[in-house]
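According to our numbering, the sequence shown holds residues 10 to 140 in order.
Ideal Cβ placement from N, Cα and C applies to all residues, glycine included.
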Amino acid sequence: MTVRWEAFLDQVKERGEYESAQEAERASRVVLALLGAHLVGAVRAELAARLPETFALILLNPLQSAEPLSPERFVRATAAWIEGATEATAAWDVSAVLSTAADAAGDELTQQILLQLPAGYDLLFGRPQPA
């Protein structure tokens with residue numbers, strides 16, 4: 010089931026403790042564009058089907074990545090794309106967006122997403138995996 014635009018942004022705004030929906034939208038656009046470069050096939054399409062249409066299109070038309078980024082590099086890349094962001098604030102942005110996306114995806118799809126990503130993304134999604 011697709012999450013409504015307002016519901017998605019409200020959740021990101023709350024988790025990221027943003028002052029405005031615009032801040033939550035900016036973080037969501039950057040993080041989902043970067044995430045889209047790391048996901049392929051049915052997993053990316055299934056996640057897109059569960060996101061609001063605008064975010065689905067961003068996920069399906071991602072920023073290009075030559076190689077999968079480690080979680081640390083993903084956070085740095087996010088910081089580079091968000092004006093005024095630091096690695097610390099970008100980590101907060103990434104976690105707010107990815108944990109909201111994981112809620113929209115559900116547990117089974119989130120597990121499939123994590124299988125396509127380098128180790129360590131489980132923490133960014135707010136879904137720590139047993140060691």
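Coarse secondary structure for residue i, derived from DSSP in three states
| i | result |
| --- | --- |
| Ser104 | helix |
| Val52 | helix |
| Leu72 | coil |
| Phe83 | helix |
| Gly93 | coil |
| Gly129 | coil |
| Gln138 | coil |
Candidates the options: closest to residue i by CA position
| i | options | result |
| --- | --- | --- |
| Asp131 | Thr87, Ser79, Ala94 and Ala89 | Ser79 |
| Leu124 | Ala16, Ser37, Val49 and Ala42 | Val49 |
| Ala57 | Ala111, Gly129, Pro137 and Gly135 | Ala111 |
| Tyr27 | Ala54, Ser104, Leu118 and Pro137 | Ser104 |
| Ile67 | Leu118, Gly129, Ala54 and Gly135 | Ala54 |
| Glu81 | Leu118, Ile122, Ala75 and Gly129 | Gly129 |
Chain-order list of residues whose beta-carbon lies under 7 angstroms from that of residue i (same chain, five-residue window excluded)
| i | result |
| --- | --- |
| Val12 | Arg59, Leu60, Pro61 and Ala113 |
| Thr109 | Phe17, Gln20, Val21 and Arg24 |
| Val106 | Val21, Ala36, Ser37, Val40 and Leu41 |
Residue environment, residue i, which counts as buried when at least 16 other CB atoms sit within 10 Å
| i | result |
| --- | --- |
| Asp116 | exposed |
| Thr95 | exposed |
| Leu43 | buried |
| Ala51 | exposed |
| Ala33 | buried |
| Ala99 | buried |
Own chain partners of residue i with C-beta closer than 6 angstroms, once the 5 adjacent residues on each side are dropped
| i | result |
| --- | --- |
| Gln120 | none |
| Gly45 | Leu68 and Pro71 |
Cut-off 8 angstroms between Cβ atoms - residues of its own chain near residue i, not counting five sequence neighbours on either side
| i | result |
| --- | --- |
| Asp102 | Gly25, Ala36, Val39, Val40, Thr87, Ile91 and Ala94 |
| Gln73 | Ala46 |
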